[in-house]
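Colleague:
Residue numbers (my numbering), protein chains in the order written: chain A, 10 to 208; chain B, 49 to 292.
#1: Measuring alpha carbon to alpha carbon, tell me which of B:204, B:242 and B:250 ends up nearest residue 221 of chain B.
#2: Specify, as a first and last residue, the run of the alpha helix (DSSP H) that residue 280 of chain B falls within.
#3: What does the alpha-carbon distance come out to for the pair residue 200 of chain B and residue 88 of chain A?
#4: Please decide whether residue 70 of chain A counts as near chain B, where near means a Cβ-Cβ distance under 8 Å.
#5: Does the beta-carbon distance from residue 150 of chain A to residue 68 of chain A come in below 8 Å?
#6: Output needed in chain order: residues of the region 161-174 of chain B with a Cβ under 8 Å from some Cβ in chain A.
#7: Taking only beta-carbon atoms, is residue 111 of chain B less than 8 Å away from chain A?
#8: What does residue 96 of chain B reach in chain A if we use C-beta pairs closer than 7 Å?
#9: Mark residue 40 of chain A as exposed unless 16 or more other C-beta atoms lie within 10 angstroms of its C-beta, in which case mark it buried.
#10: Taking a cut of 8 Å between CB atoms, which residues from the region 136-148 of chain A lie near chain C?
#11: Helix, strand or coil: how does DSSP classify residue 83 of chain A here?
#12: What are the residues in the region 222-241 of chain B lying within 9 Å of chain A by C-beta distance?
#13: By the criterion of Cβ-Cβ separation under 9 Å, what are the contact partners of residue 265 of chain B in chain A?
#14: Roughly how many angstroms separate the alpha carbons of residue 11 of chain A and residue 47 of chain A, rounded to a whole number?
#15: Along the chain, where does the beta strand (DSSP E) that runs through residue 271 of chain B open and close?
#16: In the DSSP output, which residue or residues are listed as bridge partners for residue 138 of chain A?
#17: Taking only beta-carbon positions, decide if residue 130 of chain B is within less than 8 Å of chain A.
#18: Go ahead and pull the three-state DSSP assignment for residue 70 of chain A.
#19: In terms of DSSP beta bridges, what is residue 111 of chain A paired with?
#20: Roughly how many whole angstroms lie between the Cα atoms of residue 103 of chain B and residue 248 of chain B?
#21: What is the DSSP secondary structure of residue 164 of chain A, reduced to helix, strand or coil?
#22: Can you tell me whether residue 176 of chain B is helix, strand or coil according to DSSP?
#23: Would you verify that the beta carbon of residue 157 of chain B is, or is not, closer than 8 Å to some beta carbon of chain A?
#24: Counting along the chain, where does the alpha helix (DSSP H) carrying residue 59 of chain A start and finish?
#25: Which residues of the region 74-89 of chain A have a Cβ closer than 7 Å to any Cβ of chain B? Give them in chain order.
#26: For residue 92 of chain A versus residue 174 of chain B, is the C-beta spacing smaller than 8 Å?
#27: Can you name the residues of chain A whose CB is closer than 8 Å to the CB of residue 104 of chain B?
#28: Is the CB-CB distance between residue 205 of chain B and residue 254 of chain B below 8 Å?
#29: In terms of residues, what are the limits of the alpha helix (DSSP H) holding residue 15 of chain A?
#30: With residue 10 of chain A as the anchor, note down where its alpha helix (DSSP H) starts and where it stops.
#31: Output, in chain order, the set of chain B residues within a Cβ distance shorter than 9 Å of residue 39 of chain A.
#32: So, does the CB of residue 163 of chain A fall closer than 8 Å to a CB anywhere in chain B?
#33: Quick one: any contact between the region 131-146 of chain A and the region 163-173 of chain A, if contact means 3 or more CB pairs under 8 Å?
#34: Could you tell me which residues DSSP puts in a beta bridge with residue 254 of chain B?
#35: Alpha helix (DSSP H) containing residue 130 of chain A: first to last residue?
#36: Counting C-beta neighbours from all protein chains within 10 Å, is the total for residue 114 of chain B 16 or more, i.e. buried, or is it exposed?
Structural data, given as structure tokens:
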């Protein structure tokens with residue numbers, strides 16, 4: 010058995026946040042490749058049917074989560090499922106995700122309706138944060154996404170998210186109404202889901 | 049796909065046909081698709097996302113059709129003609145090309161939103177450690193308070209704040225902000241009613257806080273319970289009923 014496996018498992022069990030391989034290596038006093046090997050072993054061990062939890066790579070870190078087939082069962086214990094975002098909040102999140110940093114007025118313009126309530130929900134849940142102020146009249150607040158956004162969407166990094174440029178390129182390249190930010194979806198293609206995280 | 053889904057899909061195809069003809073400059077009546085959209089999405093059980101998308105597209109088609117009926121203004125000296133720019137700057141609205149592009153981008157954006165929805169839905173099926181409180185369902189052992197009992201509790205806080213004098217100035221605290229603050233304060237765990245009110249809270253702050261609490265109760269975000277008559281009141285966070 011990989012001696013690092015139980016150590017890694019204990020650390021992930023004790024953590025409420027995803028932990029990167031580098032951090033796990035520091036904590037275990039081991040090198041990163043060895044920790045990655047232990048993570049692969051842990052993933053295999055937890056993938057067996059007799060286990061109710063699985064290893065998940067999300068927002069650049071690892072964490073232990075319950076298997077999706079037990080979602081309803083766990084929801085009974087918790088009293089409810091984690092709340093989903095309303096359509097308005099999800100639309101607002103998508104705009105912030107793809108156009109950040111963005112002001113509320115810009116979000117409103119894109120959506121055609123006020124986003125005050127939706128933005129409030131996202132701020133409250135930590136999925137969006139204030140990242141500064143635009144140096145224009147009134148110095149409006151600029152909003153951006155957080156690491157929690159990726160966790161809420163259950164993705165490893167932004168490269169897993171849909172690429173609006175690719176969606177629009179069906180009609181040939183042209184100026185996008187939705188700007189694709191640096192490092193956002195579509196900036197680096199060819200990402201392998203099996204590739205280790207960079208965290 | 050159910051009957052409603054097929055109907056919505058067929059309607060969106062019809063809207064796309066009208067859009068394509070309008071884009072070519074044809075004068076097409078938009079009324080039929082507007083009525084069809086009303087019939088398809090005017091029911092309480094209609095898919096709100098599909099309805100809003102259809103509504104936006106029908107509205108844009110109406111705008112485009114209306115513009116086709118307007119006489120073309122001659123371009124002023126030194127300004128771009130009808131083909132130049134996207135038309136937003138002079139208040140004339142988007143040019144046909146810009147209009148079509150934005151429409152297409154709106155559709156692409158809706159696809160992105162749908163994809164994010166799928167990601168989120170799947171993520172919600174996996175529970176990490178420590179996510180959310182583990183507690184018995186609200187109401188299982190603690191009876192919920194009636195509004196007048198809550199008002200009586202408010203009156204107690206109000207009386208305490210009544211004697212205080214403060215500088216008369218616009219208090220920046222708003223009900224939505226206070227609602228968010230209350231949820232942050234609760235942080236997924238029950239808290240005593242009194243905790244929501246700072247000891248040195250102004251009368252206005254007490255009012256705003258109470259209104260925020262009522263709004264949260266109305267929205268189903270919190271429940272207010274009391275273990276026994278005249279006992280301490282507890283505010284218990286709940287999952288949002290308006291979300292899936």
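Note that CB positions come from ideal geometry on N, CA and C, so glycine has one too.
Modeller: The relevant details are as follows:
#1: What you label residue 221 of chain B is simply residue 173 of the second chain in a count that begins at 1. Per the Cα distances, B:250.
#2: Residue 280 of chain B sits at position 232 when you count from the first residue of the second chain. Careful: residue 280 of chain B lies outside any alpha helix (DSSP H) and carries neither H nor E.
#3: Your numbering for residue 200 of chain B matches position 152 in the second chain. Your numbering for residue 88 of chain A matches position 79 in the first chain. Computed Cα separation, rounded: 30 Å.
#4: To locate residue 70 of chain A, count along the first chain from 1; it is residue 61. By this cut-off, residue 70 of chain A is not an interface position.
#5: Looking up residue 150 of chain A in the first chain gives position 141. Looking up residue 68 of chain A in the first chain gives position 59. The answer is no: Cβ separation not under 8 Å.
#6: 161, 163, 164, 165, 167, 168, 169, 170, 171, 172, 173 and 174
#7: Position 63 of the second chain, counted from the first residue, corresponds to residue 111 of chain B. Closer than 8 Å: no.
#8: By one-based count along the second chain, residue 96 of chain B stands at place 48. Result: 96.
#9: As a first step, residue 40 of chain A must be located in the first chain, where it is residue number 31. Exposed, since its Cβ has fewer than 16 Cβ neighbours within 10 Å.
#10: Protein chains in the displayed structure are A and B, and chain C is not among them.
#11: The residue given as residue 83 of chain A occupies position 74 in the first chain. Helix, per DSSP.
#12: 224, 225, 227, 228, 231 and 232
#13: In the second chain, the residue the question calls residue 265 of chain B occupies position 217. Near residue 265 of chain B there are no residues of chain A at all, since even the closest Cβ is about 17 Å away, more than 9 Å.
#14: As a first step, residue 11 of chain A must be located in the first chain, where it is residue number 2. As a first step, residue 47 of chain A must be located in the first chain, where it is residue number 38. Going from the Cα of residue 11 of chain A to the Cα of residue 47 of chain A covers about 6 Å.
#15: Numbered from its first residue, the second chain carries residue 271 of chain B at position 223. First-last of the beta strand (DSSP E) with residue 271 of chain B: 270-274.
#16: Residue mapping note: residue 138 of chain A aligns to position 129 of the first chain, counting from 1. A:153.
#17: Counted from its first residue, the second chain places residue 130 of chain B at position 82. A caution first: residue 130 of chain B carries a pLDDT of 42, below 50, which makes its placement in the model too unreliable to give a value.
#18: Translated into positions along the first chain, residue 70 of chain A becomes position 61. Strand.
#19: Your numbering for residue 111 of chain A matches position 102 in the first chain. Residue 111 of chain A pairs with A:152.
#20: Taking the second chain and counting its residues from 1, the one referred to as residue 103 of chain B is at position 55. Taking the second chain and counting its residues from 1, the one referred to as residue 248 of chain B is at position 200. Computed Cα separation, rounded: 49 Å.
#21: Mapped onto the first chain, residue 164 of chain A falls at position 155. Correct three-state label for residue 164 of chain A: coil.
#22: To locate residue 176 of chain B, count along the second chain from 1; it is residue 128. Residue 176 of chain B: strand per DSSP, three-state reduction.
#23: If you number the second chain from 1, residue 157 of chain B lands on position 109. Chain A, which has a Cβ nearer than 8 Å to the Cβ of residue 157 of chain B, makes this yes.
#24: Counting from one through the first chain, the residue named residue 59 of chain A turns up at place 50. Counting along the chain, residue 59 of chain A falls outside any alpha helix (DSSP H), and DSSP gives it neither H nor E.
#25: 74, 75, 77, 80, 83, 86, 87, 88 and 89
#26: By one-based count along the first chain, residue 92 of chain A stands at place 83. By one-based count along the second chain, residue 174 of chain B stands at place 126. Contact flag unset, no.
#27: On the second chain, position 56 is the one that residue 104 of chain B refers to. Those within 8 Å of residue 104 of chain B in chain A are 121.
#28: Counting from one through the second chain, the residue named residue 205 of chain B turns up at place 157. Counting from one through the second chain, the residue named residue 254 of chain B turns up at place 206. Their beta carbons are under 8 Å apart, which means residue 205 of chain B touches residue 254 of chain B by this criterion.
#29: Within the first chain, numbered from 1, the residue matching residue 15 of chain A stands at position 6. Element bounds for residue 15 of chain A: 13-23.
#30: As a first step, residue 10 of chain A is located in the first chain; it is residue number 1 there, counting from the start. Run containing residue 10 of chain A: none; DSSP gives neither H nor E here.
#31: Counting from one through the first chain, the residue named residue 39 of chain A turns up at place 30. Residues of chain B passing the Cβ test: none, with the nearest at roughly 23 Å.
#32: For the purposes of this step, residue 163 of chain A is taken as the residue at position 154 of the first chain. Chain B, which has a Cβ nearer than 8 Å to the Cβ of residue 163 of chain A, makes this yes.
#33: no
#34: Within the second chain, the letter at position 206 stands for residue 254 of chain B. Note: residue 254 of chain B sits in no beta bridge, so no partner.
#35: Within the first chain, numbered from 1, the residue matching residue 130 of chain A stands at position 121. 125-133 is the span of the alpha helix (DSSP H), which, as asked, contains residue 130 of chain A.
#36: Within the second chain, the letter at position 66 stands for residue 114 of chain B. Residue 114 of chain B is exposed by the Cβ-count criterion.
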